[in-house]
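2 protein chains.
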Amino acid sequence: MYVESPRYTERFGSVRINDIQKVVALDSGLKSEIPPHGAMGVVKISEETIKDFEDRMAIVVPVKDERLKLFEGVISGIPHDCLIIVVSNSQREPVDRFRMERDTLNQMCRYTNRLAYIVHQKDARVAQAVKNAGYDELLDENGVVRNGKAEGMVIGLLMAKLAGKEYVGFVDADNYSPGSILEYVRIYAAGFSMAKSPYTMVRILWHYKPKLSGGTHFRKWGRVSEITNRCFNSLISSRTGFETNIIKTGNAGEHAMSLKLAELLPYASGYAVEPEELVSIFEQFGGTLPAGPAAVVKHGLDLFQIETRNPHLHEDKGTEHLGGMLLVGLSTIYHSPLCDQETKRLILSQLTIQKALKPRQQPPKPHINRPPSEINIREFTKNMEPCLEIYSALYEG
Amino acid sequence: MYVESPRYTERFGSVRINDIQKVVALDSGLKSEIPPHGAMGVVKISEETIKDFEDRMAIVVPVKDERLKLFEGVISGIPHDCLIIVVSNSQREPVDRFRMERDTLNQMCRYTNRLAYIVHQKDARVAQAVKNAGYDELLDENGVVRNGKAEGMVIGLLMAKLAGKEYVGFVDADNYSPGSILEYVRIYAAGFSMAKSPYTMVRILWHYKPKLSGGTHFRKWGRVSEITNRCFNSLISSRTGFETNIIKTGNAGEHAMSLKLAELLPYASGYAVEPEELVSIFEQFGGTLPAGPAAVVKHGLDLFQIETRNPHLHEDKGTEHLGGMLLVGLSTIYHSPLCDQETKRLILSQLTIQKALKPRQQPPKPHINRPPSEINIREFTKNMEPCLEIYSALYEG
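Line order of the protein sequences matches chains A and B. Under our numbering, residues 18 to 414 are what the first sequence spells out, in order. Under our numbering, residues 18 to 414 are what the second sequence spells out, in order.
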């Protein structure tokens, strides 16, 4: 894979925010003798390097009643050396869709000789492990894990930790193009290979969205992204005193992190989860007197924003949730202690213009799940480990 | 890459026609210790094997006034170790689109440290080389190479031969998804690695065509494919005496061959080119007394039909050419000496039903360019070789 070298990096406290780097070519071959080493403005990420990081990475796929064809396609695109962790919140009855997902995954793993874990978000054993770990805010009033992709992601990353992985990446199950999934994961690996710090995050920017249909959806989504990014940039500007437009992936659903970083971040419920990760990174490690752990402050934190080569084609779930998405995303910024008055005014005006909020209303506070580092991960692991055998979809050959 | 193993193979004379094999997973990693060796019905094609075949392969991209964004995307998806050969028939004035393509290719090659050739189909030097080689039917009344993708493909494969490649694959320049291009070429490599004979062809079946829009187009295209395949299968049945539906890629635009095979085939003009290749394979090596070269009869010929994982997304050029496509495709079967009366009747009735032909009309004979083996390839090479420097888009770093 060839990726543009990081040409422009902004610093915000200990955070090194890299501007967009485009994927130049999907493959870099085995033969090319003269790696350009960034001299031409392009970094060659060798196949060995990519595979090395893939081997240390878990890919978490949160899924909820997705069409099996799409789910199977997504699984078929995840590089072989990654551990697959599916966290499903699909229905169990009258039709047991979870079981269908498990069967599909099982077949795939048997055919391709690989291991995967699949777990149901509402499983009582998961709830027990979460409870024993003291992670009560992940549970709902019935004592099972709350609904929501964010909570699925948290379960997934805890399982990645349990499986001894160093990196965790997320991909959605509603993607039409297995080749895009392959590219996302290769981008994650490419980003990690460029990181100087063990605390690192890769966020994906979609190349373009074909105007085949869903044109309206993508335009509105583009608007949501644009506003979220503008508010992030306003927040950074207010702290550094310099105008910036460095943040271009505020809402990025496809992203990956080192587990060292993942453990330090809180996870907001619903669509707030991705923006909240950035907010928290800035709260902990932005500013001049970072409040976060000293190790991170020392190493710094590498944030990569990488633009795909493939277009993004996902299941069009309609546009009605985009307003809600904007609201919860911006509310994470609004309620951050970092947020200055000007950015707050910008957020309120944008939410009112987009009719996501009535005049003089305040955005609701998101539900935040504490960083995994603050819970008893060992207790979670101890309780979950015996379940892994049940959960695995394994080559039995 | 994991591909279904060839589970069902039909023989037609010396031709081994393999039934559809699906791509199971796009990547097979570096680590998996127990290659299933087809035991589970799946073949693991290792990264090394794929790269080995890619290194011996040229990918020919015929292009004509395609949008540069799509062209660039296609180039970015071709694996690095393949030689890229672009044969352009784009306009030179008032806007020099050929030059824009050349600049794009040049930039790509410079950035990713690779070599490519780009040649204009109407270039006088190409015409001269073709003329000296005695390949007059490739030229039009003005003494330059005829218009058409097929003629571009022939120039491309002659250049692949000149460059010392053993395999040649074709991809269209109107593809939205670089990841699909990557998959096509990896499928070519996978097919070649499964071949027992040095005479081999890989034809691609698209997984599915998303109903984002262009639904009508794809339904009609599906109809064209279905009819073409039915006529092919009728022709084979008439010779073997057994009903069959083995041919599923009669119109496959994405296909690849060993150059040893490519040299032996004639190339029909226009959309007849892909069906004509199959017709000629059956004429030369089908039947019980194959008329083709003894070496092929001895080794046999491996024909693979492989189904992609990625959906096919290409520029929608409208549906009006589909009738013409059906007509020229079926005319290659109709005018083959192999074609029996029943298949002829089937072809005529289908063409009439689809309004591609009036009642009691005969389909026109396609223009056929002789197999390259019958021309003086050495003369072509001698004339073209000095031009290659001019034509290359090369890393100058």
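Don't be surprised by glycine CBs; every beta carbon is placed ideally from N, CA and C. Model, not experiment: these values are computed from the prediction.
Beta-carbon separation (whole angstroms), residue i vs residue j, contact threshold 8 Å
i: B/LYS68; j: B/ASP98; result: 6 Å
i: B/GLY340; j: B/GLN371; result: 6 Å
i: B/ILE350; j: B/PRO292; result: 7 Å
i: B/SER197; j: B/THR325; result: 7 Å
i: A/LEU122; j: A/ALA410; result: 4 Å
i: B/LEU355; j: B/GLU300; result: 6 Å
i: B/LEU85; j: B/MET117; result: 6 Å
i: A/SER254; j: A/THR261; result: 5 Å
i: B/LYS182; j: B/ALA75; result: 4 Å
Residue closest to residue i, alpha-carbon to alpha-carbon, out of the options
i: A/CYS126; options: A/VAL171, A/ASN35 and A/ILE95; result: A/ILE95
i: B/GLY165; options: B/THR257, B/TYR284 and B/LEU330; result: B/TYR284
i: A/MET170; options: A/ASN123, A/MET218 and A/GLY270; result: A/GLY270
i: A/TYR19; options: A/HIS329, A/SER31, A/ASP36 and A/VAL40; result: A/VAL40
i: B/HIS384; options: B/PHE397, B/GLU168 and B/ILE135; result: B/GLU168
i: A/GLY30; options: A/LEU318, A/ARG362 and A/LEU365; result: A/LEU318
i: B/SER395; options: B/GLY304, B/MET176, B/ASN268 and B/GLN38; result: In the sequence as presented, Ser is not what sits at residue 395 of chain B; that position holds Arg. Closest option to B/ARG395, Cα to Cα, is B/MET176.
i: B/GLU110; options: B/VAL185, B/ASP82 and B/ILE92; result: B/ASP82
i: A/VAL290; options: A/THR261, A/ALA273, A/LEU306 and A/GLY304; result: A/ALA273
i: A/ASN386; options: A/VAL162, A/GLN145 and A/SER107; result: A/VAL162
i: B/PRO215; options: B/SER353, B/VAL80 and B/LEU278; result: B/LEU278
i: A/VAL185; options: A/ALA410, A/SER297 and A/PHE70; result: A/PHE70
i: A/LEU252; options: A/ARG240, A/ALA75, A/LYS213 and A/VAL296; result: A/VAL296
i: B/ILE135; options: B/ASN192, B/LEU174, B/GLU359 and B/GLN379; result: B/LEU174
i: A/PHE115; options: A/LEU199, A/PHE88, A/PHE302 and A/THR26; result: A/PHE88
i: B/GLY267; options: B/THR217, B/TYR288, B/LEU282 and B/ALA180; result: B/TYR288
i: A/GLN108; options: A/ARG142, A/VAL91, A/LEU100 and A/HIS137; result: A/HIS137
i: B/LEU405; options: B/ILE204, B/ILE102, B/PHE321 and B/LEU306; result: B/ILE102
i: B/LEU281; options: B/VAL314, B/GLN379 and B/LYS265; result: B/VAL314
i: A/ASP440; options: A/GLN145, A/SER348 and A/ILE221; result: For residue 440 of chain A there is no data in the structure shown, the boundaries of chain A being 18 and 414.
i: A/ILE244; options: A/ARG377, A/PRO388 and A/LEU368; result: A/LEU368
Range of the contiguous alpha helix (DSSP H) that encloses residue i
i: A/GLN138; result: Neither: A/GLN138 is in no alpha helix (DSSP H) and is coded neither H nor E.
i: A/ALA177; result: 166-179
i: A/GLN38; result: Careful: A/GLN38 lies outside any alpha helix (DSSP H), inside the beta strand (DSSP E) at 38-42.
i: B/ASN123; result: 114-129
i: A/ILE67; result: 64-72
i: B/LEU330; result: No alpha helix (DSSP H) holds B/LEU330; DSSP gives it neither H nor E.
i: B/TYR351; result: 338-351
i: B/GLN378; result: No alpha helix (DSSP H) contains B/GLN378, which DSSP labels as neither H nor E.
i: B/PRO292; result: 290-302
i: A/GLU89; result: 85-94
i: A/GLU359; result: 358-370
Where the beta strand (DSSP E) containing residue i begins and where it ends
i: A/HIS272; result: 272-275
i: A/THR26; result: 26-29
i: B/LEU100; result: 100-105
i: B/VAL185; result: 184-187
Contacts that residue i makes with chain B (C-beta to C-beta distance below 8 Å)
i: A/ASN262; result: Neighbours of A/ASN262 on chain B: none; closest Cβ ~23 Å, over 8 Å.
Bridge partners - residue i, DSSP secondary structure assignment
i: A/TYR284; result: A/ASN386
i: A/TYR201; result: Paired residues: none, contrary to the question.
i: A/ARG33; result: A/ARG28 and A/ASP319
i: A/TYR419; result: Lying before the first or after the last residue shown, residue 419 of chain A is absent from chain A, which here runs from 18 to 414.
i: B/MET401; result: Answer is none; B/MET401 lacks a bridge partner.
i: A/PRO79; result: A/VAL104
i: A/LYS61; result: A/TYR19
i: A/ALA133; result: A/ILE101 and A/ALA410
i: A/LEU218; result: First, the residue type needs correcting, since residue 218 of chain A is Met and not Leu in the sequence shown. The partner list for A/MET218 (beta bridge, DSSP) reads A/MET274 and A/LEU320.
i: A/ASN192; result: A/HIS331
i: A/LEU162; result: Here residue 162 of chain A turns out to be Val, not Leu, going by the sequence shown. The partner list for A/VAL162 (beta bridge, DSSP) reads A/LEU156.
Within chain A, partners of residue i - CB distance below 8 Å
i: B/GLY186; result: Ordered by position in chain A, no residue passes the 8 Å Cβ test against B/GLY186, which lies about 14 Å from the chain.
Listed by chain order, chain A residues near residue i by CB distance under 7 Å
i: B/PRO96; result: ASP44 and GLY46
i: B/TYR464; result: Here chain B covers residues 18 to 414 and nothing more, so residue 464 of chain B does not appear.
i: B/SER93; result: VAL41, ALA42, LEU43 and ARG326
Interface partners of residue i on chain A, CB under 9 Å
i: B/GLY90; result: HIS224, ARG326, ASN327 and PRO328
i: B/PRO503; result: Outside the displayed span of chain B (18 to 414) sits residue 503 of chain B, for which this structure offers no information.
i: B/LYS1; result: Because chain B in this structure spans residues 18 to 414, residue 1 of chain B falls outside the shown range and cannot be described.
i: B/GLU64; result: LEU47, GLU64 and LYS68
Chain-ordered chain C contacts of residue i [CB-CB under 8 Å]
i: A/GLY304; result: No chain C is part of this structure, whose protein chains are labelled A and B.
Contact list for residue i against chain B, beta-carbon separation under 7 Å
i: A/VAL80; result: The premise fails here: A/VAL80 is roughly 18 Å from chain B at the closest Cβ pair, so nothing lies under 7 Å.
i: A/LEU199; result: LEU43, ASP44 and GLY196
i: A/LYS68; result: GLY46 and LEU47
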